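In terms of the numbering used here, the numbers along the sequence shown are unbroken and rise by one, the last being 90. Glycine included, each C-beta is placed from N, C-alpha and C at the ideal position. On a predicted model such as this, the values are computed, not experimentally measured, just so you know. One structure below.
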Amino acid sequence: MRRRRANSRDAGDRERRRTVTPGRVAAVVLALVAVVFVGENTRPVKVRLLVPEVTVPLWTALLAMAAIGWLCGALLFARRR
Numbered sequence: 010m011r012r013r014r015a016n017s018r019d020a021g022d023r024e025r026r027r028t029v030t031p032g033r034v035a036a037v038v039l040a041l042v043a044v045v046f047v048g049e050n051t052r053p054v055k056v057r058l059l060v061p062e063v064t065v066p067l068w069t070a071l072l073a074m075a076a077i078g079w080l081c082g083a084l085l086f087a088r089r090r
C-alpha cells in the first residue's frame with residue numbers, strides 16, 4: 010500500500026510539471042518578443058564599457074545584456090534544493 014502512494018504522488022508531481030501555467034505562457038511570450046526585438050535591431054553601434062569602445066552589431070549587445078540579466082535573475086531567485 011505504501012508503494013502505491015509513492016507512485017501516485019510521483020505521477021502527480023510529473024503531471025504538475027507538464028501543466029501550462031500563466032507564468033510559463035508569459036515567459037514564452039516575453040522570450041519570443043525579445044528574440045524578435047533582437048532580430049530587428051542589427052545595425053552596428055558603439056559600445057563603451059568604462060574605457061574601451063568597440064563597434065558591434067546591436068543584436069550582439071542586446072543578446073549579451075539579456076544573457077547577463079538572465080544570469081543575475083537565476084542567481085538571485087534560484088530555488089534551493
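Sub-8 Å separation of residue i and residue j beta-carbons
{"i": "Trp68", "j": "Gly82", "result": "no"}
{"i": "Val45", "j": "Val56", "result": "no"}
8 Å contact criterion, which residue i and residue j should meet: CB distance rounded
{"i": "Ala43", "j": "Ala73", "result": "In fact, because the Cβ distance is near 13 Å, the residues do not count as touching under 8 Å."}
{"i": "Ala70", "j": "Val54", "result": "6 Å"}
Of the residues the options, the one placed nearest residue i, counting alpha carbons only
{"i": "Trp79", "options": "Ala36, Thr28, Arg27, Pro31", "result": "Ala36"}
Where residue i sits in the DSSP three-state scheme
{"i": "Thr51", "result": "coil"}
{"i": "Thr30", "result": "coil"}
{"i": "Val38", "result": "helix"}
{"i": "Val44", "result": "helix"}
Residue i: CB within 7 Å of a non-hydrogen atom of the ligand GTP
{"i": "Ala76", "result": "With respect to the ligand GTP, the structure offers nothing, as it holds no ligand at all."}
Contained alpha helix (DSSP H) runs [length at least 4] in the stretch 51–88, N- to C-terminal order: DSSP runs (the alpha helix (DSSP H)) wholly in the stretch 51–88: 67–86.
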